[in-house]
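**Q** So that we are looking at the same thing, I have put the structure below in structure tokens.
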Amino acid sequence: MKPSILITGAYGGMGRATARLLADAGFCVFALDKTVSDGEENIIPVEADVTDENSVKNAFECVSEQTDELFGIIHFAGIYMLDSLVEMSGEDFERIFRINLGGAFLVNKTFLPLLKKGSRIIITTSELAPLDPLPFTGIYAVTKGALDKYAYSLRMELQLMGIGVSVLRAGAVTTGMLGASTEALDRFCEKTELYTCNADRFKRIVDSVEARSVDPVKIAEKVKKILKKKDPRFAYSINRNPLLLALNVLPKGIQCFAIKQVLKRR
């Protein structure tokens, strides 16, 4: 019997690459997303909105009709948002938390009955998750940081049931989300009334950081390696940016001073 895997965000760049790689490796993949395609060999589409409890429950019924056990749940569902914390709308603030954090919570809670001793949960957070947030990417970093903390808390609890939880802290990946981040930054630079000069300079920095991206297949290969480990550790990283890491080593006062010098009005 083929081991079964549930992947959220399965039709995005990282999710799609991972679904195909695991399907080729002999897993039965339940590919969950808001918009799905036709089924393929070893890939079963599951249409669901991870922010809607009833939708997730319906997805559970669909999956549980076809298997009584999941070897793993892999989370890729999420959105990128770039905005000023004092200019963004309350609706956007709540939306990114519902998707990036709430979605993982709902899926894990709902699908727990299908997880057995030895099952794994892998949650894709971000290279920003353990770092101090930067201006304008703060809201995204805060949600990913919260997701990282949620994952660790979940690991502490589910270890008592023999279920492992790990996070994959990925840097820039060549996916649709990378393009979305560029578009979000362009929109922010156009609409902001408080940070015009600062935003333009920040855009040049972000462009240089995101130029160093990896193919989503690299993410898929990393996930496969984590799944094969007998006792996976909590955190795995891929393509973390050395400049961001170096900045985070500095005392917070120096970090703030450095960012202010780069982004302040001249």
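Numbering-wise (the working numbering), the sequence shown opens with residue 1473 and increments by one. The beta carbon of each residue, even a glycine, is placed where N, CA and C say it ideally should be.
1. What are the start and end residues of each continuous alpha helix (DSSP H) run of 4 or more residues lying completely inside the stretch 1500-1540, in chain order?
2. For K1588, report the span of its beta strand (DSSP E) as first-last.
3. Under the DSSP definition of a beta bridge, which residues are partnered with Y1708?
4. In this structure, what does DSSP give as the bridge partners for S1556?
5. In terms of residues, what are the limits of the beta strand (DSSP E) holding T1480?
6. Looking only at its own chain, which residues have a Cβ that is under 7 Å from the Cβ of K1696, when we skip the five neighbours before and after it?
7. Measure the alpha-carbon distance for I1515 versus K1474 and round it to whole angstroms.
8. Quick check: the stretch 1628-1639 against the stretch 1528-1540, are at least 3 beta-carbon pairs closer than 8 Å?
9. Measuring alpha carbon to alpha carbon, tell me which residue in T1609, D1604, R1627, E1655 is nearest P1723.
10. Could you check whether the Cβ of I1710 sits closer than 9 Å to any Cβ belonging to chain D?
11. For F1608, tell me which candidate among I1594, I1593, D1555, N1572 has the shortest Cα-Cα distance.
12. Just checking, does the stretch 1585-1592 make contact with the stretch 1611-1629 on the three C-beta pairs under 8 Å criterion?
13. Across which residues does DSSP place V1686 in a beta bridge pair?
14. Based on Cα-Cα distance, which residue from A1520, P1714, F1577, T1539 lies nearest to V1508?
15. Which residues in the same chain as L1630 place their Cβ atom closer than 7 Å to its Cβ, once the five residues preceding and following it in sequence are excluded?
16. In whole angstroms, give me the CA-to-CA distance for T1664 and C1534.
17. For L1542, list the residues DSSP reports as bridge partners.
18. At the level of alpha carbons, what is the spacing between V1686 and L1640?
19. For E1655, which option in F1502, Q1538, Y1552 has the closest C-alpha, if you only look at C-alpha atoms?
20. If the criterion is Cβ atoms closer than 9 Å, does the pair T1539 and S1476 meet it?
21. Going straight from the alpha carbon of P1602 to that of Y1624, what length do you get?
22. Buried or exposed: where does R1659 fall if 16 or more other Cβ atoms within 10 Å of its Cβ makes it buried?
23. Around the Cβ of V1558, are there at least 16 other Cβ atoms within 10 angstroms (buried) or fewer (exposed)?
24. Can you tell me whether G1562 is buried or exposed? The criterion is at least 16 other CB atoms within 10 Å of its CB, across all chains shown.
25. Out of curiosity, what's the CA-to-CA distance linking A1489 and R1627?
26. Give me the Cα-Cα distance between N1580 and G1725, rounded to the nearest whole angstrom.
**A** Answer, in terms of the structure:
1. If we require 4 residues or more, the alpha helix (DSSP H) runs fully inside the stretch 1500-1540 come out as 1525-1536.
2. Within the sequence shown, numbered from 1, the residue matching residue 1588 stands at position 116. Secondary structure note for K1588: its beta strand (DSSP E) is the uninterrupted segment 1587-1596.
3. Position 236 of the sequence shown, counted from the first residue, corresponds to residue 1708. DSSP output for Y1708 lists L1640 as bridge partner(s).
4. For the purposes of this step, residue 1556 is taken as residue 84 along the sequence shown, with counting starting at 1. S1556 is bridged by DSSP to nothing; it lacks a bridge partner.
5. If you number the sequence shown from 1, residue 1480 lands on position 8. Counting along the chain, the beta strand (DSSP E) containing T1480 begins and ends at 1476-1480.
6. For this step, residue 1696 is matched to residue 224 along the sequence shown. So the list reads L1493, L1494, A1497, once near-sequence residues are dropped.
7. If you number the sequence shown from 1, residue 1515 lands on position 43. If you number the sequence shown from 1, residue 1474 lands on position 2. Note on geometry: alpha-carbon atoms of I1515 and K1474 lie some 12 Å from one another.
8. With the cut-off at 8 Å, the stretch 1528-1540 and the stretch 1628-1639 do not touch.
9. Along the sequence shown, read from residue 1 onward, the residue named residue 1723 stands at position 251. The option with the nearest alpha carbon to P1723 is D1604.
10. The structure shown contains no chain D; it is built from a single protein chain.
11. Here residue 1608 refers to the residue found at position 136 of the sequence shown. F1608 has its Cα closest to that of D1555, out of I1594, I1593, D1555, N1572.
12. Taking a cut-off of 8 Å for Cβ pairs, the stretch 1585-1592 and the stretch 1611-1629 do not touch, as fewer than three such pairs fall below it.
13. The residue given as residue 1686 occupies position 214 in the sequence shown. Beta-bridge analysis with DSSP links V1686 to V1645.
14. For the purposes of this step, residue 1508 is identified with residue 36 of the sequence shown, where counting begins at 1. The candidate whose alpha carbon is nearest that of V1508 is A1520.
15. In the sequence shown, the residue the question calls residue 1630 occupies position 158. In chain order, V1637 place their CB closer than 7 Å to the CB of L1630, counting only its own chain and leaving out the 5 sequence neighbours on each side.
16. Counting from one through the sequence shown, the residue named residue 1664 turns up at place 192. Counting from one through the sequence shown, the residue named residue 1534 turns up at place 62. T1664 and C1534 have their C-alpha atoms spaced approximately 44 Å apart.
17. Indexing the sequence shown from 1 puts residue 1542 at position 70. L1542 pairs with L1587.
18. In the sequence shown, residue 1686 corresponds to position 214, counting from 1. In the sequence shown, residue 1640 corresponds to position 168, counting from 1. Distance between the alpha carbons of V1686 and L1640 is about 14 Å.
19. The residue given as residue 1655 occupies position 183 in the sequence shown. Residue Y1552 holds the alpha-carbon nearest to the alpha-carbon of E1655 among F1502, Q1538, Y1552.
20. Counted from its first residue, the sequence shown places residue 1539 at position 67. Counted from its first residue, the sequence shown places residue 1476 at position 4. Between T1539 and S1476, the C-beta gap is smaller than 9 Å, which places the two residues in contact.
21. As a working mapping, residue 1602 is identified with position 130 in the sequence shown. As a working mapping, residue 1624 is identified with position 152 in the sequence shown. A straight line joining the alpha-carbon of P1602 with that of Y1624 spans about 12 Å.
22. The residue labelled residue 1659 in the question sits at position 187 within the sequence shown. Its Cβ having fewer than 16 others within 10 Å, R1659 is exposed.
23. As a working mapping, residue 1558 is identified with position 86 in the sequence shown. Exposed.
24. One-based indexing of the sequence shown puts residue 1562 at position 90. By the neighbour-count criterion, in which 16 or more other beta carbons inside 10 Å mark a residue as buried, G1562 falls on the exposed side.
25. In the sequence shown, counting from the first residue as 1, residue 1489 sits at position 17. In the sequence shown, counting from the first residue as 1, residue 1627 sits at position 155. Roughly 26 Å between the two C-alpha positions.
26. Walking along the sequence shown from the start, residue 1580 turns up at place 108. Walking along the sequence shown from the start, residue 1725 turns up at place 253. Roughly 38 Å between the two C-alpha positions.
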